[in-house]
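Below is one structure, written out as structure tokens; the observations come after it.
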Amino acid sequence: MGRNVQQERAFIMTESLDISSLLSASGDIAYDWDLRNDAITWFGDWAKIFGGAPSPPSDSQALYQTLYADDRPAVFGGGTKTIDRQFRIAPQAGGFLWVHERGTIVHDEAGPSRQRGMWRIIDHPARGAATSDTRNRDSLTGCFKRRVILAQLGKAIEDARMARHTGAYLVVNVDKMSFVNEAVGTDGGDAVLRGVAARLAQIMPARATLGRVSGDVFGILLPEPLGGDLQSLAERIIQDFHNTPIVATGTPLHITVSIGGVRLPTVAKSGNEAMIFAEQALHMAHQRGPNGFVEYIDSPERAQENRQLLELGERIKNAFKHDGFRLAYQPIIDAATGLPACYEALVRMFDDEGKPIAAALFVPMIEQMGLAVDLDRLVLDFAIRDMKALPWLHLAINISGLTASQADWPDYLQKTLGPHPDVARRLVIEITETAAIADIGETQRFIAALRALGGRVSMDDFGAGATSVRYLRELHLSIMKIDKDLLKDIMVNKEQQHLVTVLIELARGLGIQTVAEGVETADMADWLKRARVDYLQGYYFGKPALELPAPPETGQAMSATVSVLKPQRA
Numbered sequence: 000m001g002r003n004v005q006q007e008r009a010f011i012m013t014e015s016l017d018i019s020s021l022l023s024a025s026g027d028i029a030y031d032w033d034l035r036n037d038a039i040t041w042f043g044d045w046a047k048i049f050g051g052a053p054s055p056p057s058d059s060q061a062l063y064q065t066l067y068a069d070d071r072p073a074v075f076g077g078g079t080k081t082i083d084r085q086f087r088i089a090p091q092a093g094g095f096l097w098v099h100e101r102g103t104i105v106h107d108e109a110g111p112s113r114q115r116g117m118w119r120i121i122d123h124p125a126r127g128a129a130t131s132d133t134r135n136r137d138s139l140t141g142c143f144k145r146r147v148i149l150a151q152l153g154k155a156i157e158d159a160r161m162a163r164h165t166g167a168y169l170v171v172n173v174d175k176m177s178f179v180n181e182a183v184g185t186d187g188g189d190a191v192l193r194g195v196a197a198r199l200a201q202i203m204p205a206r207a208t209l210g211r212v213s214g215d216v217f218g219i220l221l222p223e224p225l226g227g228d229l230q231s232l233a234e235r236i237i238q239d240f241h242n243t244p245i246v247a248t249g250t251p252l253h254i255t256v257s258i259g260g261v262r263l264p265t266v267a268k269s270g271n272e273a274m275i276f277a278e279q280a281l282h283m284a285h286q287r288g289p290n291g292f293v294e295y296i297d298s299p300e301r302a303q304e305n306r307q308l309l310e311l312g313e314r315i316k317n318a319f320k321h322d323g324f325r326l327a328y329q330p331i332i333d334a335a336t337g338l339p340a341c342y343e344a345l346v347r348m349f350d351d352e353g354k355p356i357a358a359a360l361f362v363p364m365i366e367q368m369g370l371a372v373d374l375d376r377l378v379l380d381f382a383i384r385d386m387k388a389l390p391w392l393h394l395a396i397n398i399s400g401l402t403a404s405q406a407d408w409p410d411y412l413q414k415t416l417g418p419h420p421d422v423a424r425r426l427v428i429e430i431t432e433t434a435a436i437a438d439i440g441e442t443q444r445f446i447a448a449l450r451a452l453g454g455r456v457s458m459d460d461f462g463a464g465a466t467s468v469r470y471l472r473e474l475h476l477s478i479m480k481i482d483k484d485l486l487k488d489i490m491v492n493k494e495q496q497h498l499v500t501v502l503i504e505l506a507r508g509l510g511i512q513t514v515a516e517g518v519e520t521a522d523m524a525d526w527l528k529r530a531r532v533d534y535l536q537g538y539y540f541g542k543p544a545l546e547l548p549a550p551p552e553t554g555q556a557m558s559a560t561v562s563v564l565k566p567q568r569a
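The sequence shown stops at residue 569 when you use numbering that gives the first Met the number 0, and every number in between is there.
Encoded structure:
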């Protein structure tokens, strides 16, 4: 017969007296964590680390409470078989201590069974080190990044298939995050997201993996046997947030969450499928209202739609491998001179036969595949190449909200644009209104980095979301692009005319230049000029073209000098 938990712990302690003596001499402590029974045994002088406590933490809940709050997601967010990380603990005696942990997770045929490791107190983290590997962890919450979750989903599905187990994947979305940001400000919004991450890490099973897959959406990978009770875990998460507020900058906030989920590998058979299906379920949960959970259930109609999406995914992979992306250039016209001030560089994708694929199809899929940052870096590289070749050319490029919220994006801008200051001064980067406020703290850092290099940031599709005047001030934008949907009936709808006029004057008062998108007629262009918009863009002035713009001296619609987007007004 097997030993029970108490017998197992006593056996380990008896056999390990010499180990404890050695550890005490070295100043390290070690642990053996029985994951199946959630029992932790410590060796060495544990009181040096857990000072003030009558005993060391004996299970995952006690260990979680010992960790410094900001570092809990990094420790309980899941990981690989090998552990090498630095984090803080908060002993009862007060303050915090930095700890360097090295260890391993032992697997058997049923999955993770034990975790063993050593802790050593360090004066401070190694130079450049955060609570975990910064390449894989989100800097704000400590959770894994989207691409890491995607990779771990693929591995978990393969492991579950081989062992004939069932896992699951959940996506948890903070409802109405833009209103939360409005209520508590930028720092408060960041504190809410950190609090949500810590709360999820506390609620979810110890061996689950937590990631931040977009601005206000978190992903939870539940390996076998944790995936079996999907409904009850989702309900527990919803109920916990409903009952207990998140405290942000001293303010208790009752927030709600919506959840989508899918089972692995019985329904989702790849990492991409898991992300697509879970996010489709989340969309259905949103349609039902806040505090809802929907599990993805396959159907013939969905199966056909998803087959098409997965085929598109393969075409996207081939496009990255075989130079299947190009830029198309659309002029942005100076309303005062009628000359091109800049060109928006729009990414286009082509299949193996050279046929174009609509951006409305491939761009959302690229984001779901976790490739948005790769695409945005590629587009930036294309733009730098073109502007280096044509010293007179000014370009505006679009980036996704996922890229804008990446902590290392400002460093990448410095690396790629820093050596080319003349190029940086001719570059505008556009982000959507929704993306800008999803993670406003990271957005501010990205804008500050680009402005320091001489570039500018434009808010795209303004008027489509719920951005407040305060955000316009806080973000230090240079340009605001009025959402083209606001211009559809501009010539006949007096209310639309009044709204657009107000937006233009608001931006002017804040020193922000305006661009009107979707201009299709001469009458519309004339009205917008009278409304004092700064720039005009639309099919009336030119459709996106794959050919590089003609230089000023030869272009048919350009005089001897080219108008340029003017520096931001003081």
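Just so you know, even glycine gets a beta-carbon here, dropped at the ideal spot from N, CA and C.
As the structure is a prediction and not an experimental result, all values here were calculated from the model.
Where does residue i sit, in a helix, a strand or coil, going by DSSP?
i	result
residue 479	strand
residue 95	coil
residue 174	coil
residue 549	coil
residue 393	coil
residue 129	The predicted position of residue 129 is uncertain, since its pLDDT is 42 and thus under 50; no value can be drawn from it.
residue 326	strand
residue 387	helix
residue 470	helix
residue 574	No information on residue 574 is available, as it lies outside the stretch 0 to 569 that the chain covers here.
residue 167	strand
residue 405	coil
residue 535	strand
residue 102	strand
residue 251	strand
residue 139	coil
residue 266	coil
residue 335	coil
residue 369	coil
Measuring CB to CB, does residue i end up less than 8 Å from residue j?
i	j	result
residue 170	residue 245	no
residue 269	residue 156	yes
residue 537	residue 504	no
residue 514	residue 488	no
residue 117	residue 136	no
residue 276	residue 293	no
residue 229	residue 219	no
residue 215	residue 183	no
residue 361	residue 403	no
residue 45	residue 53	no
residue 406	residue 138	yes
residue 212	residue 148	yes
residue 373	residue 317	no
The alpha helix (DSSP H) that contains residue i, what's its start and end?
i	result
residue 307	299-320
residue 544	Careful: residue 544 lies outside any alpha helix (DSSP H) and carries neither H nor E.
residue 499	493-508
residue 238	229-242
residue 442	439-452
residue 60	59-65
residue 584	No answer is possible for residue 584: the residues shown for the chain start at 0 and end at 569.
residue 83	Taken as a continuous stretch (DSSP letters only), residue 83 belongs to no alpha helix (DSSP H), being part of the beta strand (DSSP E) at 81-88.
Output needed for residue i: all residues of its chain with C-beta closer than 7 Å, excluding positions within five of it in sequence on either side, in chain order.
i	result
residue 253	244
residue 289	174, 255, 257
residue 308	275, 364
For residue i, I'd like the list of residues in its chain whose CB is within less than 8 Å of its CB, leaving aside the five on either flank, ordered along the chain.
i	result
residue 128	Caution applies to residue 128, whose pLDDT of 44 falls short of 50 and renders its modelled position unreliable; the model cannot decide the point.
residue 281	170, 172, 216, 257, 258, 259, 293
residue 111	34, 104, 105, 206, 222
residue 539	518, 519, 520, 521, 523, 524
residue 121	85, 97, 98, 99
Excluding the 5 residues preceding and the 5 following residue i in the sequence, name in chain order all residues of the same chain whose CB lies nearer than 6 Å to its CB.
i	result
residue 454	423, 426
residue 274	367
residue 483	516, 517
residue 421	none
residue 440	185, 189
residue 236	202
residue 460	431, 432, 482
I believe residue i touches residue j by the beta-carbon criterion, under 8 Å. Please report the beta-carbon distance rounded to the nearest angstrom.
i	j	result
residue 327	residue 544	6 Å
residue 325	residue 349	7 Å
State the start and end residues of the unbroken beta strand (DSSP E) segment that holds residue i.
i	result
residue 427	426-431
residue 218	216-221
residue 345	339-349
residue 155	Counting along the chain, residue 155 falls outside any beta strand (DSSP E), though it belongs to the alpha helix (DSSP H) covering 145-162.
Is residue i near the ligand NAP, going by C-beta to nearest heavy atom under 7 Å?
i	result
residue 439	Summarising the ligand content, the structure contains no ligands, and the ligand NAP is consequently not present.
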